[in-house]
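Engineer:
Protein chains: 4
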Amino acid sequence: MSFSDSRAILLLSCPDRVGLVSRISHFIYERGGNILDLDEHVDTVEKTFFIRVSWSTAHFSIPASELHDAFSPLAREFGANWHISLGDCRMRVAMFVSKYDHCLQDLLWRHSTGEFAVDIPLIVSNHPDLEPLAARYGIPFHVFPLTAETRHEVERQELELLQLHDIDTVVLARYMQILSPQFVECYPAKVINIHHSFLPAFVGSSPYRQAAERGVKIIGATSHYVTEDLDQGPIIEQDIVRITHKDTLDDLIRKGRDLERLVLARALRLHSEQRILVNGKKTVVFD
Amino acid sequence: MSFSDSRAILLLSCPDRVGLVSRISHFIYERGGNILDLDEHVDTVEKTFFIRVSWSTAHFSIPASELHDAFSPLAREFGANWHISLGDCRMRVAMFVSKYDHCLQDLLWRHSTGEFAVDIPLIVSNHPDLEPLAARYGIPFHVFPLTAETRHEVERQELELLQLHDIDTVVLARYMQILSPQFVECYPAKVINIHHSFLPAFVGSSPYRQAAERGVKIIGATSHYVTEDLDQGPIIEQDIVRITHKDTLDDLIRKGRDLERLVLARALRLHSEQRILVNGKKTVVFD
Amino acid sequence: MSFSDSRAILLLSCPDRVGLVSRISHFIYERGGNILDLDEHVDTVEKTFFIRVSWSTAHFSIPASELHDAFSPLAREFGANWHISLGDCRMRVAMFVSKYDHCLQDLLWRHSTGEFAVDIPLIVSNHPDLEPLAARYGIPFHVFPLTAETRHEVERQELELLQLHDIDTVVLARYMQILSPQFVECYPAKVINIHHSFLPAFVGSSPYRQAAERGVKIIGATSHYVTEDLDQGPIIEQDIVRITHKDTLDDLIRKGRDLERLVLARALRLHSEQRILVNGKKTVVFD
Amino acid sequence: MSFSDSRAILLLSCPDRVGLVSRISHFIYERGGNILDLDEHVDTVEKTFFIRVSWSTAHFSIPASELHDAFSPLAREFGANWHISLGDCRMRVAMFVSKYDHCLQDLLWRHSTGEFAVDIPLIVSNHPDLEPLAARYGIPFHVFPLTAETRHEVERQELELLQLHDIDTVVLARYMQILSPQFVECYPAKVINIHHSFLPAFVGSSPYRQAAERGVKIIGATSHYVTEDLDQGPIIEQDIVRITHKDTLDDLIRKGRDLERLVLARALRLHSEQRILVNGKKTVVFD
Numbered sequence: 051m052s053f054s055d056s057r058a059i060l061l062l063s064c065p066d067r068v069g070l071v072s073r074i075s076h077f078i079y080e081r082g083g084n085i086l087d088l089d090e091h092v093d094t095v096e097k098t099f100f101i102r103v104s105w106s107t108a109h110f111s112i113p114a115s116e117l118h119d120a121f122s123p124l125a126r127e128f129g130a131n132w133h134i135s136l137g138d139c140r141m142r143v144a145m146f147v148s149k150y151d152h153c154l155q156d157l158l159w160r161h162s163t164g165e166f167a168v169d170i171p172l173i174v175s176n177h178p179d180l181e182p183l184a185a186r187y188g189i190p191f192h193v194f195p196l197t198a199e200t201r202h203e204v205e206r207q208e209l210e211l212l213q214l215h216d217i218d219t220v221v222l223a224r225y226m227q228i229l230s231p232q233f234v235e236c237y238p239a240k241v242i243n244i245h246h247s248f249l250p251a252f253v254g255s256s257p258y259r260q261a262a263e264r265g266v267k268i269i270g271a272t273s274h275y276v277t278e279d280l281d282q283g284p285i286i287e288q289d290i291v292r293i294t295h296k297d298t299l300d301d302l303i304r305k306g307r308d309l310e311r312l313v314l315a316r317a318l319r320l321h322s323e324q325r326i327l328v329n330g331k332k333t334v335v336f337d
Numbered sequence: 051m052s053f054s055d056s057r058a059i060l061l062l063s064c065p066d067r068v069g070l071v072s073r074i075s076h077f078i079y080e081r082g083g084n085i086l087d088l089d090e091h092v093d094t095v096e097k098t099f100f101i102r103v104s105w106s107t108a109h110f111s112i113p114a115s116e117l118h119d120a121f122s123p124l125a126r127e128f129g130a131n132w133h134i135s136l137g138d139c140r141m142r143v144a145m146f147v148s149k150y151d152h153c154l155q156d157l158l159w160r161h162s163t164g165e166f167a168v169d170i171p172l173i174v175s176n177h178p179d180l181e182p183l184a185a186r187y188g189i190p191f192h193v194f195p196l197t198a199e200t201r202h203e204v205e206r207q208e209l210e211l212l213q214l215h216d217i218d219t220v221v222l223a224r225y226m227q228i229l230s231p232q233f234v235e236c237y238p239a240k241v242i243n244i245h246h247s248f249l250p251a252f253v254g255s256s257p258y259r260q261a262a263e264r265g266v267k268i269i270g271a272t273s274h275y276v277t278e279d280l281d282q283g284p285i286i287e288q289d290i291v292r293i294t295h296k297d298t299l300d301d302l303i304r305k306g307r308d309l310e311r312l313v314l315a316r317a318l319r320l321h322s323e324q325r326i327l328v329n330g331k332k333t334v335v336f337d
Numbered sequence: 051m052s053f054s055d056s057r058a059i060l061l062l063s064c065p066d067r068v069g070l071v072s073r074i075s076h077f078i079y080e081r082g083g084n085i086l087d088l089d090e091h092v093d094t095v096e097k098t099f100f101i102r103v104s105w106s107t108a109h110f111s112i113p114a115s116e117l118h119d120a121f122s123p124l125a126r127e128f129g130a131n132w133h134i135s136l137g138d139c140r141m142r143v144a145m146f147v148s149k150y151d152h153c154l155q156d157l158l159w160r161h162s163t164g165e166f167a168v169d170i171p172l173i174v175s176n177h178p179d180l181e182p183l184a185a186r187y188g189i190p191f192h193v194f195p196l197t198a199e200t201r202h203e204v205e206r207q208e209l210e211l212l213q214l215h216d217i218d219t220v221v222l223a224r225y226m227q228i229l230s231p232q233f234v235e236c237y238p239a240k241v242i243n244i245h246h247s248f249l250p251a252f253v254g255s256s257p258y259r260q261a262a263e264r265g266v267k268i269i270g271a272t273s274h275y276v277t278e279d280l281d282q283g284p285i286i287e288q289d290i291v292r293i294t295h296k297d298t299l300d301d302l303i304r305k306g307r308d309l310e311r312l313v314l315a316r317a318l319r320l321h322s323e324q325r326i327l328v329n330g331k332k333t334v335v336f337d
Numbered sequence: 051m052s053f054s055d056s057r058a059i060l061l062l063s064c065p066d067r068v069g070l071v072s073r074i075s076h077f078i079y080e081r082g083g084n085i086l087d088l089d090e091h092v093d094t095v096e097k098t099f100f101i102r103v104s105w106s107t108a109h110f111s112i113p114a115s116e117l118h119d120a121f122s123p124l125a126r127e128f129g130a131n132w133h134i135s136l137g138d139c140r141m142r143v144a145m146f147v148s149k150y151d152h153c154l155q156d157l158l159w160r161h162s163t164g165e166f167a168v169d170i171p172l173i174v175s176n177h178p179d180l181e182p183l184a185a186r187y188g189i190p191f192h193v194f195p196l197t198a199e200t201r202h203e204v205e206r207q208e209l210e211l212l213q214l215h216d217i218d219t220v221v222l223a224r225y226m227q228i229l230s231p232q233f234v235e236c237y238p239a240k241v242i243n244i245h246h247s248f249l250p251a252f253v254g255s256s257p258y259r260q261a262a263e264r265g266v267k268i269i270g271a272t273s274h275y276v277t278e279d280l281d282q283g284p285i286i287e288q289d290i291v292r293i294t295h296k297d298t299l300d301d302l303i304r305k306g307r308d309l310e311r312l313v314l315a316r317a318l319r320l321h322s323e324q325r326i327l328v329n330g331k332k333t334v335v336f337d
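Protein chains in written order, with this note's numbering: chain A, 51 to 337; chain B, 51 to 337; chain C, 51 to 337; chain D, 51 to 337.
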């Protein structure tokens with residue numbers, strides 16, 4: 051799935067009705083667009099329609115800049131939540147980290163290989179530890195030490211920084227703080243977390259310890275959008291690895307690190323390619 | 051993915067061009083069809099377009115019986131390979147078996163639960179061993195003993211039997227004979243085999259023995275359409291299971307049985323729901 | 051791992067101390083036994099030692115019938131929980147079922163192929179539905195209808211029946227009733243259940259519905275020993291399968307059936323080959 | 051499985067006979083060693099015995115330095131291939147690379163976290179590209195440009211360098227050259243390669259291209275010991291990932307990179323912890 055500049059992607063959900071695919075594809079066709087990928091899904095219980103279409107704008111009859119306005123009447127008629135993104139407009143992502151480096155170093159390395167079509171203008175942390183890692187990739191690193199008293203003020207400053215840099219998406223790459231509802235509200239379905247368990251098992255702190263105590267034979271990692279409710283947001287991606295009675299807590303942590311890296315990287319990739327729609331407490335992922 | 055009677059499915063491939071999705075979805079929309087599922091794929095190397103659309107015919111403006119003729123002009127214009135199937139028209143499947151029962155008993159049990167929307171009018175075997183199993187599910191069992199001399203004549207009789215029963219698809223559920231090119235030609239992309247290895251590794255006979263000798267750490271099973279070339283047909287589905295140095299050849303056979311059953315069942319399900327298009331030596335599987 | 055008659059298996063756990071492997075293997079060696087398999091594990095947190103040894107008794111210097119008494123002094127010295135089983139003495143297993151047939155039919159078919167070195171003298175159910183399936187394999191089927199009032203008396207009768215048939219192990223093959231603590235107490239680490247979720251996620255009823263509502267991307271099945279606490283017993287085996295937003299509740303149930311069958315079959319196999327030791331709320335599985 | 055200094059590990063294989071476990075464990079016991087882990091395996095076809103025992107030498111009655119001599123008589127009697135390693139003696143590993151960085155950067159990062167109990171005194175390459183990566187971790191990087199004419203002489207120099215640094219093990223982290231039999235001979239079962247396919251499928255060059263052309267539904271990676279025969283050495287570890295018709299060759303390469311990193315890291319870990327014994331063309335892996 052390479053990602054080229056002369057491409058547009060429509061991501062849309064609306065109440066289901068007859069003719070949606072036909073009318074949307076006709077909109078593209080009559081303007082000379084060539085559909086490259088189309089995925090649709092109907093939630094037959096909720097009667098909701100979901101679609102992702104990408105098309106080549108190489109021979110499109112209207113400029114990309116007018117696309118949004120051109121599609122608006124149709125979207126309004128459908129009562130849709132929708133977003134059109136253009137291939138030459140990269141998502142802007144801020145990473146939030148604490149002290150663990152495994153997710154950050156993996157994401158930055160992947161980014162350096164071109165795996166993610168995003169810009170990473172800045173990294174935020176409540177600790178200075180990972181500054182050298184950020185420096186190696188030339189990314190500005192902002193330290194905001196946190197105490198219970200300063201949390202409110204710090205989050206205000208962080209939001210200001212994010213807005214200053216036009217940040218679209220926040221990735222919590224093992225950020226060990228809980229964001230306030232006020233913060234989360236500013237980035238709905240835009241804050242991606244990695245939780246080191248197979249949710250909904252082992253919510254909260256020390257999931258590997260909980261897993262070791264329960265004696266499970268498989269551990270997991272879960273990437274999800276952050277909502278007000280801790281570890282309850284819509285799940286984007288999960289994966290697992292087998293363990294045995296021989297594995298100590300340290301082994302779980304080590305094996306889990308590999309999972310966390312993979313699952314968070316896949317989630318960011320899916321998100322950055324506009325492949326995810328939220329459906330209530332769940333996601334539709336057009337993979 | 052339940053499968054109801056008032057549904058039509060179009061499976062189509064053709065050279066790629068602008069407007070295919072739009073024109074196909076418009077064909078359905080203008081006749082009052084409500085699209086339930088649409089999957090499309092473009093092979094950008096071969097410039098080939100693949101689509102599967104299913105729609106509700108509950109409020110369709112033309113009778114299902116006229117659908118084929120109504121769509122023909124469009125298909126001709128596109129230069130398409132295509133097939134429309136109707137929800138109330140079940141695929142007719144013949145099973146071919148030899149002496150191993152694990153695949154057959156699993157498929158028949160699944161069929162009894164309604165997992166496959168097919169009819170199984172008959173079972174063919176070169177041995178009488180599995181007749182009691184067929185009898186338990188009330189399916190006629192035809193024994194055709196085979197020798198090198200009679201092969202040609204036997205296949206002729208088998209084909210006659212299949213044609214007599216309007217068979218669409220043949221499932222080789224561990225059938226230990228190689229079909230002649232003449233036979234295969236009569237059922238292009240309609241004969242489904244299960245090979246007990248992770249193809250293309252361990253082609254031919256005794257793949258578990260080959261795997262044990264090579265010392266692999268994972269074994270697999272592969273379901274594919276049968277072509278003239280042994281074990282070379284388009285792959286439909288594969289799966290694997292881990293093994294260790296402790297596993298003997300008997301263990302491989304036992305673990306492999308579970309894989310074979312699962313992989314063949316998934317392949318038949320995908321095929322019976324019209325989810326597979328052949329693309330040269332490969333498949334497009336709209337899962 | 052074939053299982054032959056002239057074999058003995060020792061399964062033992064005790065407080066860890068120096069020399070345990072040496073003294074146990076010496077016990078076997080000096081009587082002419084040839085060790086075929088030896089697995090040991092030390093829980094370094096709880097300081098507990100676990101071992102499974104199997105050896106050939108073909109040239110053993112004492113009769114198998116005297117083995118238990120011969121080993122007793124050593125076991126006493128170690129303060130061990132232990133059990134010696136002989137290859138020609140098959141475990142006796144009772145199946146408990148309700149209306150779902152997928153686990154029972156799979157276990158009985160596997161048993162017919164020789165996968166489990168056990169006898170199945172009887173099947174117990176609170177419904178008559180699966181009697182024909184039991185009959186097909188020639189296994190006596192006992193129906194005990196249950197009401198809230200009769201539960202206590204019914205369990206008493208069931209226990210009597212199990213004792214009458216020298217039952218070692220009870221397999222709950224989707225038995226939809228909760229056994230009383232009094233019943234469970236009679237078969238400690240001898241009642242094997244299959245729960246259709248990835249425990250500890252989705253405890254209790256309708257786990258597939260819970261999974262569908264939570265929007266997980268992976269579902270699981272868990273086999274565990276039954277204890278007083280519902281779905282909290284030591285886990286024997288787990289496995290998982292991927293799902294997507296396309297999968298309806300019916301798809302989860304269908305995909306889950308395959309998992310339940312596999313996981314329960316593996317658990318019974320491990321148990322019947324004396325490969326499992328309970329370690330508090332967890333298991334040591336010598337696979 | 052943490053790895054501490056006051057530990058010894060015996061890795062041994064020999065023709066099977068009665069009493070091996072007893073006599074080996076007795077050797078340890080009578081010198082005051084406490085067995086921490088013991089794994090054994092008997093290849094019943096080849097009649098070969100394999101064992102790995104690790105024990106605490108904290109209260110051992112002889113100095114570690116005398117252990118080798120003390121055990122020699124027993125080993126001679128058994129006709130054994132054997133090796134005793136001591137916890138405070140770290141394996142010395144040289145990495146060989148070409149231009150791809152994904153395996154090297156992953157191994158070096160893992161090494162920096164302490165995942166491997168090895169020293170990495172040097173990195174060898176036929177290209178200068180990865181020198182900055184090596185520099186970041188402070189590891190000397192030696193460039194040996196290669197031509198068909200210089201190959202023989204270059205390998206001689208490389209071997210000299212390896213011997214100078216007491217290298218035990220060579221890891222080919224996507225080294226794109228084929229080592230000569232003379233080189234391989236110097237490090238029998240000591241050169242670890244990662245091949246980017248599920249061996250024995252897709253031997254040789256461009257395995258991802260071969261996989262894309264064959265239309266497999268699963269790709270893999272294989273780590274193995276290098277022998278004279280290309281891609282035919284004893285397999286240490288394999289893993290796989292699912293692909294679909296949507297995945298282009300670039301997607302296979304991207305997904306495969308994650309596999310290669312994981313599989314090679316696991317292989318090095320197993321090797322460095324003395325968990326692997328070669329059994330003809332296969333391995334016994336005590337995981």
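From the three backbone atoms N, C-alpha and C, an ideal C-beta is built for every residue, glycine too.
Are the CB atoms of A/L88 and B/E90 nearer to each other than 8 Å?
Structural biologist: In contact: A/L88 and B/E90 (Cβ atoms closer than 8 Å).
Engineer: Considering just the uninterrupted stretch of the alpha helix (DSSP H) at B/T163, what are its terminal residues?
Structural biologist: Its alpha helix (DSSP H) spans residues H152 to T163.
Engineer: Does the Cβ of B/S54 have 16 or more other Cβ atoms within 10 Å, making it buried, or fewer, making it exposed?
Structural biologist: Since pLDDT at B/S54 reaches only 49, below the 50 mark, its modelled position is unreliable, and no value is offered.
Engineer: Based on DSSP bridge pairs, tell me the residues matched to C/P65.
Structural biologist: Partner(s): C/T98.
Engineer: Name the one or two DSSP bridge partners that D/Y275 has.
Structural biologist: Answer by DSSP bridge pairing, in chain order: D/I242.
Engineer: With a floor of 4 residues, list each alpha helix (DSSP H) that falls wholly inside the stretch 201 to 252 of chain D, ordered by position along the chain.
Structural biologist: The stretch 201 to 252 of chain D contains these whole alpha helix (DSSP H) runs: 201 to 214 and 231 to 236.
Engineer: Kindly indicate if chain D contains any beta-carbon less than 8 Å away from that of B/A251.
Structural biologist: So, interface residue.
Engineer: Compare the beta carbon distance of D/T333 and B/H295 with 8 Å and say whether it is the shorter of the two.
Structural biologist: Contact: yes.
Engineer: Across the stretch 139 to 152 of chain B and the stretch 202 to 220 of chain B, are there enough close Cβ pairs to call them in contact, namely three or more that are closer than 8 Å?
Structural biologist: Yes, since at least three Cβ pairs between the stretch 139 to 152 of chain B and the stretch 202 to 220 of chain B fall closer than 8 Å, the two stretches touch.
Engineer: Report buried or exposed for C/Q232, applying the criterion of at least 16 other Cβ atoms within 10 angstroms of its Cβ.
Structural biologist: Exposed: under 16 other Cβ atoms inside 10 Å.
Engineer: Inspect the CB distances between the stretch 242 to 257 of chain C and the stretch 189 to 208 of chain C and report whether three or more fall short of 8 Å.
Structural biologist: At 8 Å Cβ cutoff, the stretches do not touch.
Engineer: Measuring CA to CA, which of A/G164, A/S122, A/C139 and A/H76 is closest to A/R319?
Structural biologist: Nearest option by C-alpha distance: A/G164.
Engineer: With a threshold of 8 Å between beta carbons, is C/L84 in contact with chain D?
Structural biologist: At residue 84 of chain C the sequence reads Asn, which differs from the Leu that was named. Output row for C/N84: interface = yes.
Engineer: Quick check on A/R311 - is its C-beta less than 8 Å from some C-beta in chain C?
Structural biologist: Judged by the 8 Å Cβ criterion, A/R311 is not in contact with chain C.
Engineer: Can you tell which of C/D93, C/R57 and C/E127 has its C-alpha closest to the C-alpha of C/G137?
Structural biologist: Of the candidates C/D93, C/R57 and C/E127, the one whose C-alpha sits nearest the C-alpha of C/G137 is C/R57.
Engineer: With a threshold of 8 Å between beta carbons, is C/H417 in contact with chain D?
Structural biologist: Residue 417 of chain C lies beyond the residue range present for chain C, which begins at 51 and ends at 337; the question has no answer from this structure.
Engineer: Does any CB atom of chain C fall closer than 8 Å to the CB of A/R264?
Structural biologist: Chain C, which has a Cβ nearer than 8 Å to the Cβ of A/R264, makes this yes.
Engineer: Which first and last residues belong to the alpha helix (DSSP H) in which C/E127 is found?
Structural biologist: From DSSP, the alpha helix (DSSP H) with C/E127 extends over L117 to F128.
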